[in-house]
Each structure stands twice: as C-alpha cells, then as structure tokens.
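This report refers to the structure that appears directly beneath it.
2 protein chains.
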Amino acid sequence: MTDSLFKALADPTRREVLKRLQRGPATAGELAEEFPQAKATLSHHFNVLKAAGLVRAERMGQHVVYSLNTSVFEELARMMAELFKPERKAK
Amino acid sequence: MTDSLFKALADPTRREVLKRLQRGPATAGELAEEFPQAKATLSHHFNVLKAAGLVRAERMGQHVVYSLNTSVFEELARMMAELFKPERKAK
DNA sequence: CTTGTATTTAGATAGTTATCAAAATATCTA
DNA sequence: TAGATATTTTGATAACTATCTAAATACAAG
C-alpha cells in the first residue's frame, strides 16, 4: 500500500491529474482532453491512481467520473511523517 | 526537482535508507551492510537520493559519510501540501 | 610507490513502466 | 436491435530502473 502510493505519485502526469481533480470531479474523457497522451494512456494512469486509493471512479451512464479520494491524504500525511520525522531511536 | 524528489521516494530501499539515516549519519559501507543488495547497487541508490537533495555525502578519508539533508524536508512538505490542498497560488 | 580498504563507475541484463493503435466492452438513444 | 459515444483492455514497443559482477578510482599507511 505504501509502495503503490509512492509509485503513483512518482509520475508527473499522474500528479497533474491529481491537481486537476482538486478543482472538482471530471469524466475520463474530459480529463483526457486536457492531456496530450492518448485516452488509453490516461486510462492506465487512472487505474494506477485508483489502485493507490488516491482517486475514486463512479460510472454515470456512458461516463466514468473520477474524483479525489481525500480520505487517503491523511494516511499519506501519516506516512510522510513517519518517513521524515520520527526520532524515536536515540541519535 | 519535484520529479527527482518523488522518483527518489518511489523505491522502498531508498525509503529504508532514509529511515536508517534518521538515526544518524553512516558511511556507505555501514549502510551497505544493513541491506541485502550489493554495494554497487546501494551506491546507485545513494546517488539518486543525493541528486534529489534528500541526503548529503561528505568524504572522510577513505569513507564517505551520508546524512539526511533535513532542509529539503520542508520543501517536500510544501510540495505535498500544494499537491493535496485546495487550489491556491504558490506561497 | 605498493598494498589494502572503501567507494564508485562501467557494462550487462531482467523486470517494469509509459506509451500508442486497435480491438473490446459498456451505455445511451432511436 | 442497431448505431453512436465513452471508456477500458489488449498487444506491442521503447525507455527506464534495479540489480549484479568486474573494473576503476580514492585514500591511508607502510
């Protein structure tokens, strides 16, 4: 889980998708139009983001609406904190 | 720069190295002994971490001492905040 | 300057990832 | 059901990454 999160964030296109979704949900097609890559490529990125728990997908008729899964951000913050802050052990 | 940071964090071995360095600086050899990979492989990881600004290297005689570059963590926190908090212009 | 230790670099390879075009699937509307 | 639109899956490929061994470099002590 930790790994899939960091891996998902490692790609700049996926980070841009996340930033775009901050402004609200969007369909796969709408998102695809805002990026230079092919729709199939974006679909792959959506999958990675979904597997990492960063976005959720909901089908609305012919469309699939993607939105941020904000509840994961807390966990991400926790992970970052554990990576970078704990001075548990003596130095 | 953003990209090299996220890429550096995407590998679990490198995250472990960072966690190890939280307990204090260590030489390349000391670090290499704590990981199953070959020394050359670890050296590669050190380079990636160094390029991302996450660690610093200082030669001490025959040894090279690696330590966390804590000043980058602030920037990382800022980046995470920008990625995940509602739209606002760079601060 | 040679020898021993520490570390990095070079060269090679296997596994992973981003990408695209084409085919397949899902859903709506007529 | 047939046709149109939206999205995903498949199959292929090029680029990238982690990994190793072996060779090269850096330094200290004789």
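Note that the protein sequences, when read in sequence, are chains A and B. Just so we're aligned: 73 in our numbering is position 73 of the first sequence, and the numbers increase by one with no gaps anywhere. Numbers in our numbering are just positions in the second sequence, counted from 1, shifted up by 91. A virtual CB, placed ideally from N, CA and C, is assigned to each residue, including glycine.
Can you tell me the Cβ-Cβ gap for residue i and residue j, rounded? I've got them flagged as a contact below 8 angstroms.
| i | j | result |
| --- | --- | --- |
| Pro103(B) | Tyr157(B) | The pair is not a contact, with the Cβ atoms about 18 angstroms apart (cut-off 8 angstroms). |
| Ala28(A) | Val64(A) | 5 angstroms |
| Leu112(B) | Lys19(A) | Rounded, the Cβ-Cβ distance is 30 angstroms, inconsistent with contact. |
| Val17(A) | Leu5(A) | Actually they do not touch by this definition, with Cβ atoms about 15 angstroms apart. |
| Thr192(B) | Met151(B) | This structure does not reach residue 192(B), given that chain B is present from 92 up to 182, and the question cannot be answered. |
| Ala49(A) | Val72(A) | Reading off the sequence, residue 49(A) comes out as Leu, not Ala. Incorrect: roughly 10 angstroms between the Cβ atoms, too far for contact. |
| Arg147(B) | Asn138(B) | Rounded, the Cβ-Cβ distance is 12 angstroms, inconsistent with contact. |
| Ala52(A) | Ala101(B) | The Cβ separation is near 11 angstroms, so there is no contact. |
Just curious, the beta strand (DSSP E) that residue i is in, first and last residue?
| i | result |
| --- | --- |
| Ala57(A) | 55-60 |
Around the C-beta of residue i, are 16 or more other C-beta atoms found within 10 angstroms, so that it is buried, or is it exposed?
| i | result |
| --- | --- |
| Arg105(B) | buried |
| Ala40(A) | exposed |
| Ala99(B) | buried |
| Ala172(B) | exposed |
| Leu76(A) | buried |
| Arg88(A) | No answer about Arg88(A) holds up, because its pLDDT of 46 lies below 50 and its placement is not dependable. |
Please list, in chain order, the chain A residues whose beta carbon lies closer than 7 angstroms to that of residue i.
| i | result |
| --- | --- |
| Ala101(B) | Phe6, Lys7, Ala10 |
| Arg106(B) | Leu83 |
List the residues of chain B that residue i touches, going by C-beta distances under 8 angstroms, in chain order.
| i | result |
| --- | --- |
| Met80(A) | Leu167, Ala168, Met171 |
Mind checking whether the beta-carbon of residue i lies closer than 8 angstroms to any heavy atom of the ligand GDP?
| i | result |
| --- | --- |
| Gln128(B) | With respect to the ligand GDP, the structure shown offers nothing to examine, as it has no ligands at all. |
Inset, instruction - Ignoring anything shorter than 4 residues or poking outside the region 99-152 of chain B, list the alpha helix (DSSP H) runs there in chain order. - result: 103-112, 119-124, 130-142
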